[in-house]
Amino acid sequence: LVIPLELAHAPAPTATPLASKEQGPRLRGLHILAADDVEINRDIVATLLEQEGAIVDCVEDGKRTVELLKQHGKGHYDIVLMDVQMPVMNGLQATELLQMRDPDLPVVALTAHAMPEETQRCKDAGMIDHLPKPFEPEDVIRMVLKWSRSKPQDTISGALDEAPPYPAPAPAPETVSTP
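Per my numbering, the sequence shown starts with residue 7, numbered consecutively.
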């Protein structure tokens, strides 16, 4: 028995960004604190977020995360991206302390552990979501847009704010009437 099959000619699916680059940075003006003990991970996250217009502070452990929040004060950061397993103070302990100082501050776990028990431990510590490593750049951006307590600056009005002032128009020429 032979069954002839036809191949469908559908375009291959492509990943679509949340916004096109023509619209500008998607995280413009957001203040983000990222904590990870691995330097390359901090560099990757910082570069990704800064390319999207965010203002990023990176630290290497949970203790530094708490110190930066003390230094800048409640309300300074829009979101925290927190590794769970770090030296000095882990992400779970740091999140509990951050929540005491700034209860509305969203903290998202970025961790290599995707097991349900780990996700529950993160939620129990006060983290609002969990993004397993390795992650796709769009997933991080989507997570920031979903949970940030502030909205990114409007790229059109932000561009107008940065535009140089235009000179005042020249005065209209005077007309002289003759009798």
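No residue lacks a Cβ here, since even glycine has one placed at the ideal position from N, Cα and C. Note that the structure is predicted; figures quoted are calculated from it, not measured.
Residue state for His78 is assigned as helix, using DSSP reduced to three classes.
Taking a 10 Å sphere around the C-beta of Met92, we find 16 or more other C-beta atoms and assign the residue as buried.
Following the DSSP letters along the chain, one finds Ile134 in no beta strand (DSSP E), marked with neither H nor E.
Per DSSP, the unbroken beta strand (DSSP E) holding Ala41 starts and ends at His37 to Ala41. Listed in chain order, the non-local C-beta contacts of Lys129 below 8 Å within the same chain comprise His136, local neighbours out to five positions each way being set aside.
In the displayed model, Asp63 falls within a strand according to three-state DSSP. In chain order, Thr101, Glu102, Leu104, Gln105 and Val113 place their CB closer than 8 Å to the CB of Gly132, counting only its own chain and leaving out the 5 sequence neighbours on each side. In the assembly as shown, Glu73 is an exposed residue. Its beta-carbon has fewer than 16 other beta-carbons within 10 Å.
For Met88, the enclosing beta strand (DSSP E) has its first and last residue at Ile85 to Met88.
Val94: not part of any beta strand (DSSP E); DSSP gives it neither H nor E.
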